[in-house]
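So the working numbering is basically just the index in the sequence shown, starting at one, shifted up by 71.
Comments concern the structure below.
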Amino acid sequence: MAKKKREVDIVVLSDIHLGTYGCHAEELLKYLKSIRPKKLILNGDIIDMWQFSKRYWPKSHMQVIKHITGLLTKSTKIVYLTGNHDEMLRKFAGFRLGSFRIDNKVVLNLQGKKAWIFHGDVFDVTMQHSKWLARLG
Numbered sequence: 072m073a074k075k076k077r078e079v080d081i082v083v084l085s086d087i088h089l090g091t092y093g094c095h096a097e098e099l100l101k102y103l104k105s106i107r108p109k110k111l112i113l114n115g116d117i118i119d120m121w122q123f124s125k126r127y128w129p130k131s132h133m134q135v136i137k138h139i140t141g142l143l144t145k146s147t148k149i150v151y152l153t154g155n156h157d158e159m160l161r162k163f164a165g166f167r168l169g170s171f172r173i174d175n176k177v178v179l180n181l182q183g184k185k186a187w188i189f190h191g192d193v194f195d196v197t198m199q200h201s202k203w204l205a206r207l208g
């Protein structure tokens, strides 16, 4: 018998860095399988495009992607906010396809108060002015 999933209004995931050795994809997948979110906000750097050329992509990383895309068929609204490791997606801000959209920020009304969600690189002076230096780590 399948275990009942915990229903949650909003889940925010940030800096997962799929495609890197330090990613905790197995743990994330276990968590995602335990919940049923109404809205999922992917707050940037979900796939680490800076490291993508190293060809490290274990099965568990693809399972995370498949699970997230599968949530779209279960009426979960998904917002992908761009980060510094996936900044090439910024040119697609405003793109919508069904319950999926790409943006640079999202503003939510939570219990009568506004909550602004965006990736932290907007506050990082190094990222704003010396992206080549940030890539060095």
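Just so you know, even glycine gets a beta-carbon here, dropped at the ideal spot from N, CA and C.
*Three or more C-beta pairs closer than 8 Å, one from the segment 105–123 and one from the segment 140–155: is that the case here?*
yes
*Y92 (DSSP reduced to helix, strand or coil)*: As a working mapping, residue 92 is identified with position 21 in the sequence shown. Coil.
*Counted within 10 angstroms of its Cβ, other Cβ atoms place A96 as buried (16 or more) or exposed*: Counting from 1 along the sequence shown, the entry for residue 96 is found at position 25. Looking at its Cβ environment, which holds 16 or more other Cβ atoms inside 10 Å, A96 is buried.
*Alpha carbon to alpha carbon, how far is I188 from L179? Give it in angstroms, no decimals.*
What you label residue 179 is simply residue 108 of the sequence shown in a count that begins at 1. What you label residue 188 is simply residue 117 of the sequence shown in a count that begins at 1. Taking the straight line from one Cα to the other gives about 8 Å.
_Alpha-carbon to alpha-carbon, G141 and L160_ = In the sequence shown, counting from the first residue as 1, residue 160 sits at position 89. In the sequence shown, counting from the first residue as 1, residue 141 sits at position 70. If you take the alpha carbons of L160 and G141, they lie about 21 Å apart.
*Within 10 angstroms of the Cβ of P108, are there 16 or more other Cβ atoms? Answer buried if so, exposed if not.*
Stepping through the sequence shown from its first residue, residue 108 is reached at position 37. Looking at its Cβ environment, which holds 16 or more other Cβ atoms inside 10 Å, P108 is buried.
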